[in-house]
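Colleague: 3 is the number of the first residue of the sequence shown in my numbering; add one for each residue after it. Before we start, here is the structure in question, set down as structure tokens.
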Amino acid sequence: MIETPNNIDSFDTVESLQKTASDQIIEYLHARVTQNGSASVSLSGGSTPKRIYEQLSQSDLPWDKIHWFWGDERNVPADDEQSNFRMVRLAMLEPAGVPDAQVHPVVTIPDDPKRAAMDYENTLREHFSGQTAPAFDLVLLGMGDDGHTASLFPHTAALAESNRWFVENWVEKFDAFRYTMTAHAISAGLQRWFLVTGAAKKPALSKVWDSSASADEFPSKLVTPTRWFVTQETLP
Ligand code: 6PG
């Protein structure tokens, strides 16, 4: 049975979703920095957030007070067109002049993804030292047509990981490793916002909101978001 969440903002167009999400991110991060002196964000890859990052780059965010991390990455060099870091660098980091000290990319090691994932886990544990989980102020998440989020793809080993915060994850359909935060690490974020656009997402979203569906088949079910930003076309 589909149980539609009560924390949905739906939009007629991708553009209106992206503009509102940008505005809300800016408002929220200003508040967190005012309250705590700093903030930390876990970024998503994909096409939906890219325009949001471009809009953030034009804002008055306190760039020297916010730390940027990646919720997932591809197992490619940082200058590869597939790199999520490269996408964010071009969309936001360079245009906004974000200081390098605020930017914490996954340092990929294509030939040794386990080492790279363990190194990033250490980066996270240093930043969130003394905490039992990475309590990001904000975790941005997308959802794929198959119901994946971050790089938690259906039927992959990372779904069952309950100790590590960040892992290498073999994804058969890509015949490649990905890097991803684990579901429980993502769920430790204070705010977890899903950004879902495109009619092709409708079947998966129906399953993610269906209590009888399997999280192994639709891994976005493993994360309880605090907000959904969706376009009307994705709604069941
Ligand atoms: C990635 C993302 C991935 C993305 C979804 C949705 O590395 O590609 O982390 O999980 O969020 O595939 O992507 P779109 O926003 O392009 O639909």
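Glycine residues also receive a C-beta, built at the ideal position from the N, C-alpha and C atoms.
(1) What three-state label does DSSP hand Asn9 in the structure shown?
(2) For the 8 Å Cβ check, are there 3 or more pairs between the region 171-179 and the region 123-137?
(3) Can you tell me where the beta strand (DSSP E) with Asn171 in it begins and where it stops?
(4) So what does Met183 bridge to, in DSSP terms?
(5) Under the criterion of a Cβ to heavy atom distance below 7 Å, does Thr15 qualify as lining the ligand 6PG?
(6) Answer yes or no: do Val78 and Pro112 have a C-beta to C-beta separation smaller than 8 Å?
(7) Go to His150, then tell me how far its alpha helix (DSSP H) extends in each direction, as first and last residue.
(8) Along the chain, where does the alpha helix (DSSP H) that runs through Phe87 open and close?
(9) Considering only residues of the same chain and omitting the five flanking positions on each side of Gly48, which have a CB-CB separation below 7 Å?
(10) Specify which residues have a beta carbon nearer than 5 Å to any heavy atom of the ligand ADP, listing them in chain order.
(11) My output table needs one value for Thr233: the three-state DSSP class, helix, strand or coil.
(12) Which value, in whole angstroms, describes the spacing of the CA atoms of Pro7 and Leu19?
(13) Determine the extent of the alpha helix (DSSP H) in which Ile54 is found, giving its start and end residues.
(14) Between Ile188 and Val141, is the Cβ-Cβ spacing less than 8 Å?
(15) Per the DSSP calculation, Ser44 is bridged to which residue(s)?
(16) Counting Cβ pairs closer than 8 Å, one from the region 19-30 and one from the region 157-176, do we hit at least three?
(17) So is Pro51 buried or exposed if we call it buried at 16+ other beta carbons inside 10 Å?
Modeller: On the basis of the data shown:
(1) Here Asn9 sits in coil by DSSP.
(2) No contact exists between the region 171-179 and the region 123-137.
(3) It spans Phe168 to Val173 - the beta strand (DSSP E) in which Asn171 sits, taken as one unbroken run.
(4) Met183 has Phe168 as its beta-bridge partners, per DSSP.
(5) It does not: the Cβ of Thr15 is nowhere closer than 7 Å to a heavy atom of the ligand 6PG.
(6) Closer than 8 Å, so yes.
(7) Here His150 belongs to no alpha helix (DSSP H), and DSSP marks it neither H nor E.
(8) Counting along the chain, the alpha helix (DSSP H) containing Phe87 begins and ends at Asn86 to Val90.
(9) The residues are Gly144.
(10) Questions concerning the ligand ADP fall outside what the structure shown contains, since the ligands it does hold are the ligand 6PG.
(11) Thr233: strand per DSSP, three-state reduction.
(12) Looking at the two C-alpha atoms, the distance is approximately 18 Å.
(13) Start and end: Ser49 to Ser59.
(14) It is a contact, given that the beta carbons lie within the stated cut-off.
(15) Ser44 is bridged by DSSP to Phe71 and Val141.
(16) Output reads no: the region 157-176 does not touch the region 19-30.
(17) With 16 or more other Cβ atoms within 10 Å, it is buried.
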